[in-house]
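For what it's worth, full-length UniProt numbering labels the leading residue of the sequence shown as 1, then goes sequentially.
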Amino acid sequence: MVNAFQLTWTIPAAEDGMLIRDYLKEKNISKRALTDIKFGGGSILVNDEHATVRLKLRAGDVLKVIFPVEKPSAGMLPEKVDFEIVYEDEWCLVINKPPYLPTIPSREHPGGTLANGLLFYYREKEIAATIHVVNRLDKDTSGLMLVAKHRFAHSLFSSQQKQGGIKRSYFALVEGEVKEKQSTISARIGRKEDSIIERTVRDDGQHAVTHYQVIAYSECNTLISLKLETGRTHQIRVHMAHIGHPLCGDSLYGGSHRFIPRQALHSAELSFFHPFLEQEMNFKIDLPDDFQSVINGKNSC
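In structure tokens form, the structure reads like this:
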């Protein structure tokens with residue numbers, strides 16, 4: 001039996017006499033979500049009795065909101081896909097995505113994606129959820145991703161992300177020797193003319209800021225760490241190419257496949273405030289093996 005997503009609160013004395021709808025508004029449950037609960041198969045219970053949003057709560061009441069069961073898109077099928085779960089609770093997952101794995105289906109990759117693998121995992125664990133990716137990674141990019149298990153959880157994480165509350169740092173292998181050991185790139189990014197995919201630095205683009213620091217040098221490349229102030233599409237790839245050091249393997253922005261067959265970008269650290277546990281969450285993973293091979297290998301430039 002599939003278990004529906006639900007939230008439970010015990011009402012404190014300070015909220016005695018508050019209407020359910022006002023209490024749930026303070027918990028960031030919108031009118032739209034309440035309509036979905038009412039007409040989509042969810043329910044609101046007070047002390048295990050069905051209630052309407054006009055009921056006044058009393059101190060000590062146990063309020064439970066059961067959300068409608070989510071149904072995945074008919075076009076997305078569960079598939080067995082390999083990926084590592086770094087952390088899991090009833091609200092979210094932190095995943096270490098391997099390189100070469102697309103996050104969601106597309107015309108080029110209609111199946112075999114992380115989303116297909118998550119649906120398979122949810123089915124096996126009887127989790128009533130569809131796919132809610134909070135920070136999507138490109139196919140070639142490896143590392144940490146945050147995935148919400150329910151639409152409501154996703155809305156809270158997305159709001160936090162828009163406010164800059166979800167912090168990420170990356171490792172990248174770039175071509176050549178980056179001489180400035182630490183710097184900030186502030187250059188506006190916009191869509192490149194005549195391309196629906198490629199971005200470029202342009203005066204009329206969106207504000208974009210990237211901080212980087214050199215970690216190590218190999219014979220032909222530089223390993224750097226990066227932190228983003230903004231989250232523009234392809235931001236790291238565009239900014240590093242802009243200063244003359246494209247990511248290794250990133251042929252779209254001038255990188256070569258001589259050292260690594262993918263764009264050499266790795267999401268190494270992820271931190272966020274957990275809206276349900278009400279605590280800071282911090283995750284960190286090591287460099288992937290292919291990065292290590294480039295750094296430790298002997299290459300001819």
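Ideal placement from N, C-alpha and C gives every residue a C-beta, glycine not left out.
Is the Cβ-Cβ distance between residue i and residue j less than 9 angstroms?
i: phenylalanine 120; j: lysine 97; result: no
i: leucine 226; j: threonine 210; result: yes
i: serine 271; j: asparagine 282; result: yes
i: isoleucine 295; j: alanine 172; result: no
i: glutamine 182; j: valine 214; result: yes
i: glycine 165; j: isoleucine 285; result: no
i: proline 105; j: alanine 115; result: yes
Go to residue i, then tell me how far its alpha helix (DSSP H) extends in each direction, as first and last residue.
i: leucine 265; result: Note, leucine 265: premise wrong, no alpha helix (DSSP H); beta strand (DSSP E) at 265-274.
i: lysine 125; result: 114-125
i: leucine 236; result: Before going further, note that residue 236 is isoleucine rather than leucine in the sequence given. Start and end: 235-242.
Once DSSP output is grouped into helix, strand and coil, what is the label at residue i?
i: isoleucine 295; result: helix
i: valine 53; result: coil
i: aspartate 289; result: helix
i: threonine 210; result: strand
i: lysine 64; result: strand
i: methionine 1; result: With a pLDDT of 49 at methionine 1, under the threshold of 50, the predicted position of this residue should be treated as unreliable, though the coordinate-derived value follows. It is coil, neither helix nor strand.
i: glutamine 160; result: helix
i: asparagine 221; result: strand
i: phenylalanine 152; result: helix
i: isoleucine 95; result: strand
i: serine 106; result: coil
i: arginine 136; result: coil
i: lysine 181; result: coil
i: tyrosine 23; result: helix
i: tyrosine 87; result: strand
Would you report the Cα separation of residue i and residue j, rounded to the nearest angstrom?
i: leucine 7; j: lysine 27; result: 10 angstroms
i: residue 314; j: arginine 54; result: Residue 314 cannot be examined here, being either before or after the span of the chain that is shown, 1 to 301.
i: glutamate 90; j: arginine 258; result: 43 angstroms
i: isoleucine 20; j: alanine 4; result: 21 angstroms
i: phenylalanine 67; j: serine 251; result: 45 angstroms
i: glycine 205; j: serine 267; result: 25 angstroms
i: methionine 76; j: arginine 123; result: 13 angstroms
i: methionine 1; j: threonine 141; result: Only weak support exists for where methionine 1 lies, its pLDDT of 49 falling under 50; the coordinates are left without a value.
i: methionine 240; j: aspartate 48; result: 57 angstroms
i: histidine 109; j: threonine 52; result: 45 angstroms
i: valine 46; j: leucine 63; result: 5 angstroms
i: tyrosine 23; j: histidine 274; result: 20 angstroms
i: isoleucine 197; j: isoleucine 29; result: 35 angstroms
i: arginine 237; j: valine 134; result: 20 angstroms
When every heavy atom of the ligand MN is checked, does at least one fall within less than 8 angstroms of the C-beta of residue i?
i: glutamate 280; result: With respect to the ligand MN, the structure shown offers nothing to examine, as it has no ligands at all.
Rounded to the nearest angstrom, how far is the Cβ of residue i from that of residue j, given a contact under 8 angstroms?
i: glutamate 70; j: threonine 130; result: 5 angstroms
i: serine 155; j: glutamate 269; result: That belief does not hold up - the Cβ atoms of serine 155 and glutamate 269 are roughly 24 angstroms apart, past 8 angstroms.
How far does the beta strand (DSSP E) with residue i in it extend, from its first residue to its last?
i: arginine 199; result: 199-201
i: valine 69; result: Taken as a continuous stretch (DSSP letters only), valine 69 belongs to no beta strand (DSSP E), as it is neither H nor E.
i: threonine 35; result: It is not in any beta strand (DSSP E) - threonine 35 instead sits in the alpha helix (DSSP H) that spans 31-39.
i: tyrosine 170; result: 167-175
i: threonine 230; result: Segment: none, threonine 230 is in no beta strand (DSSP E) and carries neither H nor E.
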